[in-house]
Amino acid sequence: MSNFINVISPLDQFEVRNLLSLDAPILGNLSLSLTNIGLYLTIAGYLVFIIGLLSSNNNKIVPNAWSISQESIYATVHSIVTGQINEKNGQVYFPFMYVLFVFILVNNLIGMVPYSFAATSHFILTFSLSFTVVLGATILGFSKHGLKFFSLFVPAGCPLALLPLLVMIEFISYLARNVSLGLRLAANILSGHMLLNILSGFTYNIMTSGFLFFFLGLFPLAFIIAFSGLELGIAFIQAQVFVVLSCSYIKDGLDLH
Amino acid sequence: MIQAARIIGTGLATTGLIGAGVGIGVVFGALILGVARNPSLRGQLFSYAILGFAFAEATGLFALMMAFLLLYVA
Chain A
103 MSNFINVISP LDQFEVRNLL SLDAPILGNL SLSLTNIGLY LTIAGYLVFI IGLLSSNNNK
163 IVPNAWSISQ ESIYATVHSI VTGQINEKNG QVYFPFMYVL FVFILVNNLI GMVPYSFAAT
223 SHFILTFSLS FTVVLGATIL GFSKHGLKFF SLFVPAGCPL ALLPLLVMIE FISYLARNVS
283 LGLRLAANIL SGHMLLNILS GFTYNIMTSG FLFFFLGLFP LAFIIAFSGL ELGIAFIQAQ
343 VFVVLSCSYI KDGLDLH
Chain B
243 MIQAARIIGT GLATTGLIGA GVGIGVVFGA LILGVARNPS LRGQLFSYAI LGFAFAEATG
303 LFALMMAFLL LYVA
C-alpha cells in the first residue's frame, strides 16, 4: 500500500515554479527567485507596452488597427465608469478601472495560449485585487460620509423589528463582496483551464488508440475547440464584470445607494 | 478509503452546477422575452444579461471549486 505512483494531476499546470532562483545565506537566508507567474506577469506588462507603442502609429492622426482596438477598449471602460458611478465626477476613477480591465484582460488572454500560464487563475492574485478594491471603496465611503457610512447596511423601507437581523445579513453580504469578486474571476479561469486540460487528455488517449478511434475522437475534439471559443469569451466577460462590479462598489461607497 | 470518499464527495459537490445551468437559462430566457417586447433596448438589456450570466456562472463555479478542492487538495 506504500507504493505511490507519480500521478499527473490537472492542477499541475497551475503550479508556481522557480525558473531562476538565488538562495544565499547572506542577509538572513536570502531567497530571490523568478517564478513562472512572475515571468508571465512581466510578459503581460511588456505586451501592453508594445501594443501601446504599435497604436501610436508613428504619431499619425489617422488610426491604424491597433489604435482602433485601443480606442474601443478606452471607450468601453469609459462608458462603464461614467454609466455606473457618475456622469461628471466619476471620471476620477477611470484610470484605475482602465488599468484593472487591461491587466485582467491581457492576463486572461495570455493564459489562453496553449502551454502558457494563466496568472489570473491564482486565487492569491485575484483576492489581492478584489480585497484592495473593496477596502478602497470602504475607505472612500468612510472618508466621505464618516460614521453615516453604516447607513449602507440599512435597506430602504425596512420595518424596525427586523432591523438587527437585516443589518447583520447586509454586513456579512458586504464582507462577502471581497471574496466573491476575486473568487468569480479565479474560479472561472481555473475551471475553464482545468476542464480543457482533462478533456484534452482524454481525447488524446482516444485519438491515439487506433485508426478508427482517430476519427471517433474528432467529436470530442470539436467540443474542445468550441469550449476554447467559450473560454475566450469568458476571458473578456470576466474582465468586464470585474470592472462593472468594482465601479458598483465604488458607487455604493460614494452614494450609499 | 479516504480516496474513495474524496471522489464520492467530488461527485456530490458537482451537482451544484444544476443551479448554474438553470440560472443561466432563466437569465437568457428573460433577455429573449425582454427584447421581444421592446427590441430597441437590445444593447442595454444584453449588457445586463451578460452581468447576470457572470453572477449565475460564478455561483455554479463556487460549487465546482469545492469539488476541485475536495478532489485534489483535501
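Those protein sequences? They're chains A and B, same order as listed.
The letter at position 182 of the first sequence is residue 284 when you use this note's numbering, and the numbering goes up by one with no holes.
The letter at position 72 of the second sequence is residue 314 when you use this note's numbering, and the numbering goes up by one with no holes.
Glycine included, every Cβ here is placed at the ideal spot set by N, Cα and C.
query, result
"CA-to-CA distance, M199 (chain A) to A324 (chain A), given in whole angstroms", "36 Å"
"Candidates A:S282, A:I326 and A:L265, of which the one nearest L347 (chain A) by Cα", "A:S282"
"Interface residues of chain A facing L306 (chain B) [CB-CB closer than 8 Å]", "A289 and S293"
"Through-space distance from Q245 (chain B) to M103 (chain A), alpha-carbon basis", "Confidence in M103 (chain A) is poor, its pLDDT being 49 and thus under 50, which makes the residue's placement unreliable; the coordinate value appears in the next sentence. Spanning the two alpha carbons is a distance of roughly 13 Å."
"Cβ distance (whole Å) where R119 (chain A) is taken to contact T137 (chain A) below 8 Å", "6 Å"
"Through-space distance from V215 (chain A) to F116 (chain A), alpha-carbon basis", "14 Å"
"Of the listed residues A:Y148, A:L231 and A:F252, nearest to V208 (chain A) (C-alpha basis)", "A:Y148"
"Cβ-Cβ separation, G355 (chain A) to G243 (chain A) (assumed contact under 8 Å), whole Å", "3 Å"
"Extent of the continuous alpha helix (DSSP H) run through L254 (chain B)", "I244 to T256"
"Contiguous alpha helix (DSSP H) assignments of at least 4 residues, all confined to the region 208–278 of chain A", "225–247"
"C-alpha gap between I336 (chain A) and A126 (chain A), whole angstroms", "43 Å"
"C-beta neighbour in chain B for L113 (chain A), strict 7 Å", "yes"
"Buried/exposed call for N210 (chain A), threshold 16 Cβ in 10 Å", "buried"
"Contact set between V118 (chain A) and chain B, taken where Cβ atoms lie within less than 7 Å", "Within chain B, no residue comes near V118 (chain A); the closest Cβ sits about 15 Å away, beyond 7 Å."
"Cβ-based neighbour list, F93 (chain A), same chain, cut-off 6 Å, excluding 5 preceding and 5 following", "Here chain A has residues from 103 to 359 only, and residue 93 (chain A) is not among them."
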